[in-house]
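Protein chains in written order, with this note's numbering: chain C, 1 to 356; chain E, 1 to 356. Note that beta-carbon positions come from the ideal geometry of N, C-alpha and C, so glycine has one too. Since this is a predicted model, take the numbers as computed values, not measurements. Data block below; observations after.
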């Protein structure tokens with residue numbers, strides 16, 4: 001089948017993502033991702049950037065899980081659609097991550113597929129980067145202790161990202177599985193003492209910043225108690241992403257300034273689903289746009305309600321494509337080949353035309 | 001990065017689809033697709049098969065178009081998500097098809113991406129196959145003349161598919177672009193006389209089966225007049241797929257038995273959007289399940305309201321994957337590679353672990 005010249009799809013496999021990270025450096029790439037998300041949020045123009053709440057199929061056969069899609073568009077440029085599989089039993093039953101993801105980028109000049117980017121690692125990184133954006137604006141500048149409730153894959157990128165914006169020198173870690181908490185230090189891309197704690201109350205009380213990143217069941221929250229905490233405590237609540245699935249005590253939420261990543265989505269499936277509209281603060285875009293106004297918030301209790309925003313996925317995928325093009329990394333293939341004659345779907349398949 | 005053994009994604013590029021078609025034969029593959037869609041519709045159990053109406057971004061910058069997604073699930077087995085770009089100006093301005101599509105298949109045991117299938121040709125084929133399923137039940141058995149209003153890519157697969165279920169020996173073709181109508185015969189995978197007609201009324205009056213497959217603008221319909229026609233006329237209305245975009249005269253629709261592929265979607269963006277609920281007949285699944293009951297309908301005016309059903313895309317992609325596995329066709333790649341430690345997103349990227 002004859003090919004036109006513009007039908008090359010760039011495929012970034014896991015190995016390509018790894019090559020890019022080796023080339024750019026993990027810290028620098030995280031810094032770039034934090035900056036890119038901050039810029040995307042800060043420059044957000046609702047007439048140009050459009051995101052849709054995720055939708056998906058949830059199922060309980062053969063196992064509890066869901067496959068969902070998260071679409072975003074930059075008008076005149078690209079549509080990104082991340083497809084995500086979420087299977088909380090994956091790590092224990094199959095030794096694979098609970099979140100598996102791929103992002104497709106589509107050219108809005110033609111509707112053609114442009115790129116496909118493995119996004120399992122990127123999802124963890126961009127979730128960390130989004131927390132870093134909120135943390136950088138809302139957390140006390142001297143914050144040095146991060147507590148993580150849930151010490152799995154997301155905890156790694158939360159701690160990494162936050163360490164890029166605050167002088168973190170100690171981690172307090174709790175996980176329902178003590179083995180997972182015990183291995184956290186070895187999974188971090190920075191050398192930092194990690195204290196495993198049995199008492200989540202001590203973790204909350206001793207932290208400047210807390211990240212909750214659990215796979216708590218629907219209705220199984222809260223995953224931490226509402227105890228005495230530092231007055232400037234900032235919480236990144238990362239795990240809630242489903243109606244009925246929340247991580248924080250309602251009393252704590254009600255005392256806090258709550259910043260949703262995407263207000264509509266958070267009202268449906270974030271911590272904010274338990275709040276009234278007037279109990280919810282500015283969204284991430286508004287926070288970034290008027291960051292200076294939130295200086296006083298650094299001294300009080302704040303919560304970033306992070307359900308995962310499709311704009312973050314668009315930004316992360318495009319950042320990797322830029323590096324891939326610069327470094328010559330990735331598989332280029334005529335996935336979505338274009339026939340010579342747009343009106344002839346069978347094209348050269350037809351006997352009369354089988355010339356090449 | 002170490003790989004587990006089950007992380008191979010099967011990628012069927014355009015060239016792989018062509019290889020499969022050469023191996024199986026175009027007629028046989030179309031027959032299989034017709035049968036597979038008929039079986040999927042006939043065996044449809046709403047507790048097992050779940051489809052969602054398509055959703056998407058429409059835009060008018062840089063050009064009028066949309067990118068949309070069409071999800072379907074077979075519970076306990078797979079989720080299929082077809083992403084579709086639709087740019088009506090593609091053929092004339094860019095010499096590429098107006099509809100470009102890719103289908104991803106996701107394993108509902110793990111949430112992992114299983115396969116990615118170029119679906120530009122498959123979309124045209126499955127749309128033809130769906131019309132053949134409806135035509136086989138609703139059209140007069142002796143139907144020999146097909147009229148096509150719109151002679152582009154979809155007309156080719158409509159005629160091909162219908163020729164597999166009815167003794168078609170003549171095509172009447174109309175297109176707003178006479179050059180497109182004039183080349184139709186050469187684009188068909190069967191040798192059959194094609195008469196280009198200037199008067200759509202003559203086309204409608206002289207056909208046993210009419211297929212409308214146009215890129216009519218929103219509000220630009222109808223694309224054919226309501227004139228005297230054969231009493232048993234069956235119409236496959238393929239082009240309406242958007243609120244306000246319809247192809248048939250309302251008076252004709254109201255006289256006909258109208259069979260939607262997916263009732264909710266058709267009420268929103270098919271011919272059925274102009275009808276009341278009580279003016280709409282059984283859906284395609286109901287039609288197939290109780291096909292014998294519709295024997296009398298073969299003598300009267302019937303319309304298949306085909307907006308494109310995500311179940312058809314799931315069926316088409318799985319059929320191709322089956323052939324690809326049997327024939328050893330396709331690219332197998334560790335697109336969505338899985339780390340050794342599900343809790344360690346950076347895995348072997350970490351210095352301490354850079355052993356392989």
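Residue burial classification, residue 292 (chain E) (beta-carbon count within 10 angstroms, cutoff 16) | exposed
Using a C-beta cutoff of 7 Å, does residue 59 (chain C) count as contacting chain E?
-> yes
Is residue 278 (chain E) near residue 249 (chain E), with beta carbons less than 7 Å apart?
-> no
Any idea what DSSP makes of residue 172 (chain C), helix, strand or coil?
-> strand
Nearest-angstrom beta carbon gap, residue 143 (chain E) and residue 170 (chain E) [assumed within contact, 8 Å] | Not a contact, Cβ separation roughly 11 Å.
Of the residues E:138, E:230 and E:46, the one placed nearest residue 205 (chain E), counting alpha carbons only = E:230
Which of the residues in the region 142-159 of chain E, read from start to end, lie with their CB under 7 Å from any CB of chain C?
-> 152, 153, 156 and 157
Residue 213 (chain E), DSSP secondary structure in three states = coil
Of the listed residues E:49, E:103, E:307 and E:11, nearest to residue 61 (chain C) (C-alpha basis) | E:49
Leaving aside the five residues before and after residue 151 (chain E) along the sequence, list all residues of the same chain whose C-beta is less than 6 Å from its C-beta, in chain order.
-> 173, 175, 180, 181 and 184
At a CB-CB cut-off below 8 Å, which residues of chain C make contact with residue 69 (chain E)?
-> 69, 71 and 81
Between E:13, E:77, E:63 and E:47, which lies nearest to residue 314 (chain E) when the distance is taken from Cα to Cα?
-> E:77
Going by DSSP, which residues form a beta bridge with residue 69 (chain E)?
-> E:55 and E:83
Run through the region 182-238 of chain C for me and flag every whole beta strand (DSSP E) of 3 or more residues, listed as ranges in chain order.
-> 194-196, 209-212 and 234-237
First through last residue of the beta strand (DSSP E) which encompasses residue 114 (chain C) | 113-118
Run down chain C in chain order and give the residues with a C-beta less than 9 Å from the C-beta of residue 43 (chain E).
-> None at all; the shortest Cβ gap to chain C is about 17 Å.
Report, in whole angstroms, the separation of the C-beta atoms of residue 161 (chain C) and residue 321 (chain C), which I expect to be a contact under 8 Å.
-> About 21 Å separates the two Cβ atoms, so there is no contact after all.
May I ask you to list, following chain order, the residues of the region 186-200 of chain E that have a beta carbon less than 9 Å from some beta carbon of chain C?
-> 186, 187, 188 and 189
Using a Cβ-Cβ cut-off of 7 Å, state whether residue 18 (chain E) counts as contacting chain C.
-> yes
Mind checking whether residue 326 (chain E) and residue 8 (chain E) have CB atoms under 7 Å apart?
-> no
Residue of E:259, E:237, E:110 and E:120 minimising C-alpha distance to residue 112 (chain C) = E:120
From the DSSP output, in three-state form, read off residue 13 (chain E) for me.
-> coil
What is the residue span of the alpha helix (DSSP H) that residue 329 (chain E) lies within?
-> Here residue 329 (chain E) belongs to no alpha helix (DSSP H), and DSSP marks it neither H nor E.
For residue 360 (chain E), name the three-state secondary structure that DSSP assigns.
-> No answer is possible for residue 360 (chain E): the residues shown for chain E start at 1 and end at 356.
Name, please, each residue of chain A whose Cβ falls closer than 8 Å to the Cβ of residue 333 (chain C).
-> Looking for chain A here will not work: the only protein chains present are C and E.
Should residue 218 (chain C) go down as buried or exposed, given a rule of 16 or more other Cβ atoms within 10 Å for buried?
-> exposed
Starting from the beta carbon of residue 174 (chain E), find every residue of chain C whose beta carbon is closer than 8 Å, and list them in chain order.
-> Ordered by position in chain C, no residue passes the 8 Å Cβ test against residue 174 (chain E), which lies about 14 Å from the chain.
Do residue 56 (chain C) and residue 66 (chain C) have their C-beta atoms closer together than 7 Å?
-> yes
Kindly list the residues whose CB is nearer than 6 Å to the CB of residue 339 (chain C), restricted to its own chain and excluding five residues on each side of it in sequence; keep chain order.
-> 347
Using a Cβ-Cβ distance under 7 Å, would residue 165 (chain C) count as near chain E?
-> no
Exposure of residue 92 (chain C), with buried meaning 16 or more beta-carbon neighbours within 10 Å | exposed
Give me whichever residues DSSP pairs with residue 264 (chain C) in a beta bridge.
-> DSSP output for residue 264 (chain C) lists no bridge partner at all.
When you compare only the Cα positions, how much space is there between residue 216 (chain C) and residue 72 (chain C)?
-> 27 Å
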